[in-house]
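In this text, residue positions in the sequence shown follow the numbering used here: the first is 61, and each later residue adds one.
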Amino acid sequence: MKSLFPRLLMIASLLLAGGAHAEAQLGRDYTLLATPQPTASGKIEVLEFFFYECGHCYHLHPFLSKWEKTKASDVEINFVPTMFRSSTEPLARTYYALQGMGQIDRMDDLIYKAIHEQQVGLYDVDSIGAFLAKNGVDRNAFVSAYDSFSVLNKVNRAKQMILPGNYNIEGTPTLIVDGRYVVISRMQPADTIRVLDEVIAMVRKSRGAAAPTSKNKKH
Numbered sequence: 061m062k063s064l065f066p067r068l069l070m071i072a073s074l075l076l077a078g079g080a081h082a083e084a085q086l087g088r089d090y091t092l093l094a095t096p097q098p099t100a101s102g103k104i105e106v107l108e109f110f111f112y113e114c115g116h117c118y119h120l121h122p123f124l125s126k127w128e129k130t131k132a133s134d135v136e137i138n139f140v141p142t143m144f145r146s147s148t149e150p151l152a153r154t155y156y157a158l159q160g161m162g163q164i165d166r167m168d169d170l171i172y173k174a175i176h177e178q179q180v181g182l183y184d185v186d187s188i189g190a191f192l193a194k195n196g197v198d199r200n201a202f203v204s205a206y207d208s209f210s211v212l213n214k215v216n217r218a219k220q221m222i223l224p225g226n227y228n229i230e231g232t233p234t235l236i237v238d239g240r241y242v243v244i245s246r247m248q249p250a251d252t253i254r255v256l257d258e259v260i261a262m263v264r265k266s267r268g269a270a271a272p273t274s275k276n277k278k279h
């Protein structure tokens, strides 16, 4: 009698392959925003609402950064620093200031590591400016950007985005796809990324579009 092992192995492989391409399901993989929000382009928009001092954001960050580098070309990702209290505004201003200076890609990881691995206190423009200067950022240029009208506008917009009636953000990290689908986070960051891909695939399918090739792109 022939061994059943090869057949069982084939069945197991097919099951695993099917799981890798599972369709996203409401309530299991995502919830819906009560009020869908407009998106800025024709691409599938992903928003991450994050907070530098959030431990879960810190653990998700390297996985999301890796995903960003290989995401499909019909997907764009934007990051929103989240402020639930006034004491968190300096780091939100820092994000937008560094973004405007073209320094955010280089400094993002360093800020997370400083806070979570080195316990560096980054609480105000002075402590943050000193830290950035040690890492090659022009301190005067940073302070100027930090206090700029452009950064203030972006910070005020970020404050509005988390409110009920808009994105209604209650915790971080929160990933929202296409202005309406709230990804249900998993305990393991890799599983959260898997679910994100499944939700994106669902949106793409609803648009009747095929998956394009991946494209390297940084925020």
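All C-beta atoms in this analysis are idealised placements derived from N, C-alpha and C, irrespective of residue type, glycine included.
Remember, it's a predicted structure, so these values are computed and weren't measured experimentally.
Self-check item: Reduced DSSP secondary structure (H/G/I, E/B, other) of T234
Solution: Indexing the sequence shown from 1 puts residue 234 at position 174. Note: T234 maps to strand in three-state DSSP.
Quiz prompt | Cutoff 7 Å; reference L158; Cβ partners in own chain excluding five residues on either side | solution = Taking the sequence shown and counting its residues from 1, one reaches residue 158 at position 98. Once the five neighbours on either side are set aside, the close Cβ partners of L158 are I164, M167.
Quiz prompt | Own chain, CB closer than 8 Å to V203, minus 5 neighbours either side, in chain order | solution = Along the sequence shown, one-based indexing puts residue 203 at 143. The residues are V185, G189.
Quiz prompt | E258 classed as buried or exposed, judged by whether at least 16 other C-beta atoms fall within 10 angstroms | solution = In the sequence shown, the residue the question calls residue 258 occupies position 198. Flag for E258 reads buried.
Practice problem: Compute the distance between the beta-carbons of S245 and V255, then report whether it is under 9 Å. | Solution: Looking up residue 245 in the sequence shown gives position 185. Looking up residue 255 in the sequence shown gives position 195. Taking 9 Å as the Cβ cut-off, S245 and V255 qualify as a contacting pair.
Exercise. Give the DSSP-derived three-state secondary structure of Y172 in the structure shown.
Key: What you label residue 172 is simply residue 112 of the sequence shown in a count that begins at 1. The answer is helix: DSSP assigns Y172 an H, G or I state.
Quiz item: What are the complete alpha helix (DSSP H) segments, minimum 4 residues, inside the region 115 to 180?
Solution: Within the region 115 to 180, the runs of alpha helix (DSSP H) that reach at least 4 residues and sit entirely inside it are, in chain order, 115 to 130, 149 to 161, 164 to 176.
Practice problem: Compute the Euclidean distance between the alpha carbons of F123 and F209, then round it to the nearest angstrom. | Solution: Here residue 123 refers to the residue found at position 63 of the sequence shown. Here residue 209 refers to the residue found at position 149 of the sequence shown. Those two C-alpha atoms are separated by around 33 Å.
Quiz item: Between S266, V243, P249, which lies nearest to G87 when the distance is taken from Cα to Cα?
Solution: For the purposes of this step, residue 87 is taken as the residue at position 27 of the sequence shown. The shortest C-alpha separation from G87 is found at V243.
Quiz item: Would Y241 pass as a contact of L93 if the rule is Cβ separation under 9 Å?
Solution: Taking the first residue of the sequence shown as position 1, residue 241 is located at position 181. Taking the first residue of the sequence shown as position 1, residue 93 is located at position 33. Yes, these two residues count as a Cβ contact at 9 Å.
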